[in-house]
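Data block below; observations after.
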Amino acid sequence: MKQCKTELVPQVTTKDDNENFLGNFCLDQISSDARWNCKVAVNKRIMPFKIDTSADVSVIPENCFKQNFSHQFGKTQKRLYAEGVVNSVLGYFQANLKAYEKVSREEIYVVKNLHVSLLSAKASEELGFIQRLLHVNSNPLMDPMKDYPELFSGLEKLNKPYKIDLNDQAQPYAIHTPRRIPFPINA
1 MKQCKTELVP QVTTKDDNEN FLGNFCLDQI SSDARWNCKV AVNKRIMPFK IDTSADVSVI
61 PENCFKQNFS HQFGKTQKRL YAEGVVNSVL GYFQANLKAY EKVSREEIYV VKNLHVSLLS
121 AKASEELGFI QRLLHVNSNP LMDPMKDYPE LFSGLEKLNK PYKIDLNDQA QPYAIHTPRR
181 IPFPINA
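Residue numbering for the sequence shown follows the UniProt record's numbering, beginning at 1 and increasing consecutively.
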C-alpha cells in the first residue's frame, strides 16, 4: 500500500492540556505561498511567521529567540507534536503580538531544530489574518431568476416524450476503493 509521507499534517486534535500540535510543521522554509506568510511585532520586534490554522500554539526557533530576545524563557512540561513526533520544546515566554493595530497576548514556545516561526490559529484570528465565516448571506440585489427568466423556463418539462436508447450489452459497474488509513495510525 502506498502512503503519503510528506512533511505536513493536515489535521490534528488536542489530547490533553500538556500536549499541543503544530499543524503544518514544515522543516525547511517559510511558505512560498505568500498568503500564509505574515510579519508580526513580537514584544515590539518585527518577525516573519507562517500562519498555521491547525497549530494550537505559536512557536519560534531557538536561534530566532537568541537573536531577538535577551531575557530567559520559562520552563514548560508541554509536548508539541507534529507528524506524530515529539518536538524538543526548550521553554516559553509571554509575548504581546501586534499586527495592523490589532493586539494579542500569547505564550510563544521556543523549539529546537525548527526553521520557521508558526503563528497559532488563535493568534491568527485575533490579529485579523484569518476570519471564520459562520454563515454566508446571499446578495439580495442579484436574483438570476428575475435577471435571466429565459434560462429558467421549461425546466423539468419536455414538450414531447423522450426515448433513451440503451445498449443491450451494457453492464452496470461501480468502483469501490478502500478507505485510506492515516499514516500515524497505520505505523
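Beta carbons are placed, not taken as given, at the ideal position from N, Cα and C, and that holds for glycine.
Once you ignore the five residues that flank residue i on each side, which residues in its own chain have a CB closer than 8 Å to its CB?
| i | result |
| --- | --- |
| Met47 | Lys39, Val40, Ala41, Ile60, Cys64, Asn68 and Ser117 |
| Phe73 | Phe65, Leu90, Gly91, Tyr92, Phe93 and Val110 |
| Arg132 | Glu125 |
| Asp147 | none |
DSSP on residue i, reduced to helix/strand/coil?
| i | result |
| --- | --- |
| Glu107 | strand |
| Gln67 | helix |
| Lys163 | coil |
| Pro144 | helix |
| Pro149 | helix |
Residues in the same chain with beta-carbon distance under 7 Å from residue i, minus the five sequence neighbours each way, listed in chain order, please.
| i | result |
| --- | --- |
| Ser104 | Leu97, Ala123, Glu126 and Leu127 |
| Ile51 | Trp36, Cys38, Leu119, Ser124, Phe129 and Ile130 |
| Arg45 | Asn68 |
| Lys75 | Gly91 |
Can you list, in chain order, the residues of its chain whose CB lies under 6 Å from that of residue i, leaving out five sequence neighbours each side?
| i | result |
| --- | --- |
| Ser58 | Glu106, Ile108, Leu119, Ser120 and Ala123 |
| Lys102 | Leu127 and Gly128 |
| Phe49 | Cys38, Val40, Ser117 and Leu119 |
| Ala99 | Val40 and Leu127 |
Which whole-angstrom value describes the C-beta separation of residue i and residue j, a residue pair presumed to lie in contact below a C-beta threshold of 8 Å?
| i | j | result |
| --- | --- | --- |
| Ser88 | Lys112 | 4 Å |
| Phe152 | Met142 | Their Cβ separation, rounded to whole angstroms, is 14 Å, which puts Phe152 and Met142 out of contact at 8 Å. |
| Ala95 | Asn43 | 5 Å |
Per the DSSP calculation, residue i is bridged to which residue(s)?
| i | result |
| --- | --- |
| Gln94 | Glu107 |
| Ile60 | Val110 |
| Asn87 | Leu80 |
| Ala99 | Lys102 |
Ranges of the alpha helix (DSSP H) found wholly within the region 109-134, counting only runs of at least 4
DSSP runs (the alpha helix (DSSP H)) wholly in the region 109-134: 121-126.
Residue ranges of each beta strand (DSSP E) run of no fewer than 3 residues wholly in the region 30-55, ordered along the chain?
37-42 and 45-51
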